[in-house]
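Student: Can you read through this structure? Questions will come right after.
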Amino acid sequence: MSSSSHRPLKKKRMLLDNLNLDAAKYKTDLEYERSLRMRDHRTAQAEQDRLQKLLDFAQSETTKYQTLLQEERQEFDATLDSLKESRDDAMAELRRLQQEQEYDDTTTNDGSSELWQRKCRLLEDQLSAKDRQVEQLQTDLETVRSDWKSSLQQPSEDDDGTTTPTKQATTPASTLSPAPSELLRELNRIRIELAESERSTRQWQRSAQRFEETAAKLVPAQETSRHAQLRVAQLEQQLKTIEKSYATEVAEHDEWKQFGTSLQAILLNDENDSSTEEVVDSNNSNNPHAMLRQVATMKQQLTQSRDTIKQMEERIQQFQNWKRPAQIRMEQYDAKEAAMVQQKKEWQHQVQLLHTQISTLQAQEAIWKREIKSLQELNASFDSLPQQQNANSKTAPLEMASLSSKLQAAQLELQARQDECHTIQTDRDRLQLALDERAQETQDVASELGRVKEKYGKLREALELAKQAAQQADQRAVRAEELAGKGAFHPDHTRVLHLTQNPRTATLQKQNAALKQQLAQALNKDSNNVPSTSTTTSNIDPDKLHQRLKQQFRDQIALFREGVHLITGYKIDMIPDTQKHTFRIRSMFAAHKTDELLFDWPKQQDDTTHNKTAPVPALHLMANDYAKQLAREPSYEYIAKYGSMPAFVASVQLSEFEKQTLMG
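Residues 1 to 664 (full-length UniProt numbering) are what the sequence shown spells out, left to right.
As structure tokens, then:
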């Protein structure tokens with residue numbers, strides 16, 4: 001009786017030990033997962049802090065740059081104020097001369113009054129010319145200011161194409177103005193400083209754009225960190241639940257241990273009483289029945305505990321199965337979203353560049369029209385000067401010699417101004433031709449961009465077709481595995497699964513290489529013809545496209561391997577660096593890490609793998625310790641008698657499952 005009662009207790013102890021080992025293993029796995037999540041979180045936080053520092057530095061540099069621009073603007077306003085003061089001084093000098101003329105008119109009433117009147121009118125004409133010159137300078141300064149403001153807003157790609165025409169357009173106006181040389185030198189110095197400020201502006205804009213791109217790249221890292229934090233919170237919640245379950249199991253284990261100790265003491269007392277007493281009282285005949293009832297109760301509780309443990313293991317496995325596909329889908333969604341956002345930003349940037357170019361050309365055209373109009377007015381003013389001198393010569397014959405000399409000087413100056421107008425007209429025609437050539441180049445670039453987009457669409461369609469073909473191949477492979485798992489197949493409806501030297505894969509690789517070569521030729525042609533479109537063609541780099549395709553194929557292969565592992569229960573690996581194609585499989589229910597089977601591909605089948613009508617032969621089982629152990633078990637009969645490798649593998653899987661879940 002004592003030996004029969006000890007056996008359930010031993011089984012119970014073994015079960016409790018297994019539970020403790022499983023709980024310790026789960027706890028260790030959770031702690032390891034938590035440490036990995038914390039490490040990833042710390043890494044993401046450090047990266048976020050570094051990028052935040054870079055962003056703060058960029059903001060401080062932007063603020064400094066704005067301060068410099070404000071100082072340049074103040075200096076420009078000061079220069080304008082100095083010009084206004086010069087005009088006021090000229091007006092004051094004119095008033096002083098008028099007062100002196102009035103005083104001379106009152107003191108001397110001889111024939112020289114007409115001379116002073118003519119001098120006064122000449123000074124008034126000069127003053128009006130000065131006023132027009134000041135107005136022209138103000139117009140030029142306003143134009144420079146508008147160009148400077150527009151250059152602050154336009155991207156760095158249009159630097160060479162927008163600043164040069166503006167300088168060429170504003171230079172003739174400055175050369176035509178009859179202002180003093182000091183004012184011209186000051187204006188040239190201001191323009192040089194403005195050009196330097198524009199160059200530094202473009203440099204800081206490039207730096208700000210780089211920092212903005214870095215900040216945009218930081219957003220996915222923040223999202224990944226947030227997902228990691230949520231996942232850590234979920235794992236902590238699961239750990240708390242498992243710890244509670246473990247505490248409950250430990251308490252129950254202690255109760256069972258106390259019950260076993262008391263039961264063992266009772267059984268020892270019963271044995272001592274039976275050895276000392278020769279006659280057993282009939283009233284104690286109920287004690288064995290009570291013990292049997294207790295043992296039956298213990299068996300029921302043990303069965304219930306086994307069911308509970310099995311349910312917990314199933315729930316844990318189910319949670320793990322839910323976790324893997326969800327993580328994979330989340331990563332795929334994040335990658336797709338990042339790609340779409342990047343593509344949208346690129347198209348918006350291109351549209352902004354086109355609008356900026358159009359506005360710049362319109363502003364340049366308006367500037368050229370105003371300059372032509374001012375030159376025409378200046379020419380008309382020079383044409384009116386000889387008529388006034390002829391009228392004055394009729395009224396004052398004594399001044400004919402001086403007026404004739406002035407007339408010759410005016411004619412020479414008029415001829416010089418006409419030559420300058422002709423030069424300006426020539427420059428304008430040349431700029432118009434350059435503008436037309438630029439427009440033609442823009443149209444060519446647009447057509448070339450459309451052609452590249454069309455090729456890219458064709459490549460995308462070819463990629464989709466390749467993906468569909470790969471999915472169909474996966475479906476056919478799954479179907480072939482199902483038929484092979486059943487132990488039989490129909491030759492007319494079964495295709496050969498090429499593990500190496502797949503002709504369809506070789507064909508797809510050739511097509512991919514041809515498409516990549518065409519894309520590379522198109523990119524080289526675009527880069528040779530139009531250098532300004534390098535930012536557009538770089539968006540479809542063949543190397544990046546190839547790396548993206550490789551990553552997608554790698555993800556699909558990993559997902560396929562994970563699916564095979566979850567469905568069949570075997571982890572199948574191909575051993576590299578071997579002369580033969582050797583496969584290693586290991587069951588998820590294996591008790592030891594060394595419990596694995598090795599299969600090699602038959603060497604004589606290399607020439608017959610392309611024969612679709614021939615049945616696929618079985619792989620050769622290689623000898624190792626685990627295979628020798630299985631050769632002594634009933635599972636090996638499926639190979640010895642029937643020659644079915646799938647049945648043998650399925651039987652081994654079922655046997656390992658029973659060893660792990662059932663006790664005897």
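Cβ atoms here follow ideal geometry from the backbone N, Cα and C, with glycine treated the same way.
What you are looking at is a predicted structure, and each value in this text was computed from that prediction instead of being measured.
First and last residue of the beta strand (DSSP E) that includes R586?
Tutor: Residue 586 sits at position 586 when you count from the first residue of the sequence shown. For R586, the enclosing beta strand (DSSP E) covers residues 582 to 587.
Student: Going by the beta-carbon positions, is the gap between L654 and L621 smaller than 8 angstroms?
Tutor: In the sequence shown, residue 654 corresponds to position 654, counting from 1. In the sequence shown, residue 621 corresponds to position 621, counting from 1. Contact check for L654 against L621 fails: the beta carbons are separated by 8 angstroms or more.
Student: For K571, which of helix, strand or coil comes out of DSSP?
Tutor: Here residue 571 is taken as the residue at index 571 of the sequence shown, counted from 1. DSSP places K571 in strand when its eight states are reduced to three.
Student: State the CB to CB distance for the pair K336 and T661, rounded to an integer number of angstroms; the pair is presumed to be in contact (CB under 8 angstroms).
Tutor: As a working mapping, residue 336 is identified with position 336 in the sequence shown. As a working mapping, residue 661 is identified with position 661 in the sequence shown. Going by Cβ atoms, the distance from K336 to T661 rounds to 41 angstroms, so no, they are not a contact pair.
Student: Three or more C-beta pairs closer than 8 angstroms, one from the region 90 to 98 and one from the region 235 to 249: is that the case here?
Tutor: no
Student: In the DSSP assignment, find the alpha helix (DSSP H) that holds D625 and state where it starts and stops.
Tutor: Indexing the sequence shown from 1 puts residue 625 at position 625. In the DSSP annotation of this structure, the continuous segment of the alpha helix (DSSP H) that includes D625 starts and ends at 625 to 631.
Student: Comparing alpha-carbon positions, which option in S644, A627, V649 lies nearest G569?
Tutor: In the sequence shown, the residue the question calls residue 569 occupies position 569. Closest by alpha carbon: V649.
Student: Taking the alpha helix (DSSP H) that L654 falls in, what are its first and last residues?
Tutor: Residue 654 sits at position 654 when you count from the first residue of the sequence shown. Per DSSP, the continuous alpha helix (DSSP H) segment holding L654 begins and ends at 645 to 661.
Student: Do you know offhand how far M663's Cα is from E31's?
Tutor: Numbered from 1 along the sequence shown, position 663 holds the residue referred to as residue 663. Numbered from 1 along the sequence shown, position 31 holds the residue referred to as residue 31. Model confidence at M663 stands at a pLDDT of 49, short of 50, so the residue's coordinates are unreliable and nothing is read from them.
Student: At the level of alpha carbons, what is the spacing between L218 and L51?
Tutor: As a first step, residue 218 must be located in the sequence shown, where it is residue number 218. As a first step, residue 51 must be located in the sequence shown, where it is residue number 51. Distance between the alpha carbons of L218 and L51: 7 angstroms.
Student: Rounded to whole angstroms, how far is the Cβ of P542 from the Cβ of A520, which I believe are closer than 8 angstroms?
Tutor: Locating residue 542 in the sequence shown gives position 542, counting from the first residue. Locating residue 520 in the sequence shown gives position 520, counting from the first residue. Their Cβ separation, rounded to whole angstroms, is 5 angstroms, which keeps P542 and A520 in contact under 8 angstroms.
Student: Check this for me: beta carbons of Y65 and I242, under 8 angstroms apart or not?
Tutor: Here residue 65 refers to the residue found at position 65 when the sequence shown is read from its first residue. Here residue 242 refers to the residue found at position 242 when the sequence shown is read from its first residue. No, Cβ-Cβ distance for Y65 and I242 is not below 8 angstroms.
Student: Within its chain, find whatever has a CB closer than 6 angstroms to the CB of F657; leave out the 5 residues flanking it on each side and keep chain order.
Tutor: Your numbering for residue 657 matches position 657 in the sequence shown. Closer than 6 angstroms at Cβ, skipping near neighbours: F589.
Student: In whole angstroms, give me the CA-to-CA distance for T533 and T582.
Tutor: Numbered from its first residue, the sequence shown carries residue 533 at position 533. Numbered from its first residue, the sequence shown carries residue 582 at position 582. Bear in mind that the predicted position of T533 carries a pLDDT of just 43, short of 50, making it unreliable; the figure below should be weighed with that in mind. Cα-Cα distance, rounded: 51 angstroms.
Student: In angstroms, rounded to a whole number, what distance separates the CA positions of E185 and S146?
Tutor: Here the question's residue 185 lines up with position 185 in the sequence shown. Here the question's residue 146 lines up with position 146 in the sequence shown. The residue asked about is misnamed: residue 185 is Arg in this sequence, not Glu. Near 21 angstroms, if we compare the C-alpha coordinates of S146 and R185.
Student: If you reduce the DSSP assignment to three classes, tell me which class D600 lands in.
Tutor: Position 600 of the sequence shown holds residue 600. Note: D600 maps to strand in three-state DSSP.
Student: Hey, L549 and L515: beta-carbon distance below 8 angstroms or not?
Tutor: As a first step, residue 549 must be located in the sequence shown, where it is residue number 549. As a first step, residue 515 must be located in the sequence shown, where it is residue number 515. Not closer than 8 angstroms, so no.
Student: Check whether the region 54 to 73 and the region 198 to 210 are in contact - that is, three or more C-beta pairs closer than 8 angstroms.
Tutor: yes
Student: Do you know whose CA, among Q222, D419, L465, K659, lies nearest Q48's CA?
Tutor: Position 48 of the sequence shown, counting from 1, holds the residue named residue 48. Nearest option by C-alpha distance: Q222.
Student: Starting from Y642, follow the alpha helix (DSSP H) in both directions and report where the run begins and ends.
Tutor: Walking along the sequence shown from the start, residue 642 turns up at place 642. Careful: Y642 lies outside any alpha helix (DSSP H) and carries neither H nor E.
Student: In whole angstroms, what separates the C-alpha of T297 from that of D595?
Tutor: Working through the sequence shown from its first residue, we reach residue 297 at position 297. Working through the sequence shown from its first residue, we reach residue 595 at position 595. Approximately 38 angstroms between the Cα atoms of the pair.
Student: Helix, strand or coil for H620? Go by DSSP, reduced to three states.
Tutor: Along the sequence shown, one-based indexing puts residue 620 at 620. H620 falls in the strand class under three-state DSSP.
Student: Comparing C-alpha positions only, which one of R584, K580, H565, L566 sits nearest to M574?
Tutor: As a first step, residue 574 is located in the sequence shown; it is residue number 574 there, counting from the start. For the residues R584, K580, H565, L566, the minimum Cα distance to M574 belongs to R584.
Student: So, is Q136 buried or exposed, given that buried needs 16 or more other C-beta atoms within 10 angstroms?
Tutor: As a working note, residue 136 is residue 136 in the sequence shown. The residue in question, Q136, is buried, as its Cβ has 16 or more Cβ neighbours within 10 Å.
Student: Look at I328 and T143 and say whether their C-beta atoms are less than 8 angstroms apart.
Tutor: Position 328 of the sequence shown, counting from 1, holds the residue named residue 328. Position 143 of the sequence shown, counting from 1, holds the residue named residue 143. Pairing I328 with T143 gives a Cβ-Cβ distance that is not under 8 angstroms.
Student: Please state if the CB of A228 and the CB of D40 are separated by a distance shorter than 8 angstroms.
Tutor: Your numbering for residue 40 matches position 40 in the sequence shown. Your numbering for residue 228 matches position 228 in the sequence shown. Taking 8 angstroms as the Cβ cut-off, D40 and A228 qualify as a contacting pair.
Student: Taking just the CA atoms, how far does F57 sit from D419?
Tutor: The residue labelled residue 419 in the question sits at position 419 within the sequence shown. The residue labelled residue 57 in the question sits at position 57 within the sequence shown. For D419 and F57, the distance between alpha carbons rounds to 54 angstroms.
Student: Using the rule of at least 16 other Cβ atoms within 10 Å of the residue's Cβ for burial, across every protein chain shown, is V341 buried or exposed?
Tutor: Here residue 341 refers to the residue found at position 341 of the sequence shown. Exposed is the call here.
Student: Hey, would you say E562 sits closer than 8 angstroms to R324, going by beta carbons?
Tutor: In the sequence shown, the residue the question calls residue 562 occupies position 562. In the sequence shown, the residue the question calls residue 324 occupies position 324. Yes; because the gap between Cβ atoms is below 8 angstroms, this pair is in contact.
Student: With H, G and I counted as helix, E and B as strand and the rest as coil, what does DSSP make of L176?
Tutor: Position 176 of the sequence shown, counting from 1, holds the residue named residue 176. For L176, the predicted model reports a pLDDT of 44, less than 50, meaning its position is unreliable; a value from the coordinates is still stated below. Looking at L176 - three-state DSSP - the assignment turns out to be helix.
Student: Who are the near neighbours of R37 in its chain, counting only those whose CB is closer than 6 angstroms to its CB and skipping five residues on each side?
Tutor: Locating residue 37 in the sequence shown gives position 37, where the first residue counts as 1. Same-chain partners within the cutoff: A228, V232.
Student: In chain order, what residues of the same chain lie with their CB nearer than 6 angstroms to the CB of R586, ignoring the 5 residues before and after it?
Tutor: By one-based count along the sequence shown, residue 586 stands at place 586. Only K571, E596 meet the Cβ criterion.
Student: For L435, tell me which candidate among A363, E464, K659 has the shortest Cα-Cα distance.
Tutor: Translated into positions along the sequence shown, residue 435 becomes position 435. Ranking the options by Cα distance to L435, first place goes to A363.
Student: By the three-class DSSP mapping on this structure, what secondary structure does T594 have?
Tutor: As a position in the sequence shown, residue 594 is number 594, starting the count at 1. The DSSP-derived three-state label of T594 is coil.
Student: Cα separation between S128 and L83?
Tutor: For this step, residue 128 is matched to residue 128 along the sequence shown. For this step, residue 83 is matched to residue 83 along the sequence shown. C-alpha separation (whole angstroms): 15 angstroms.
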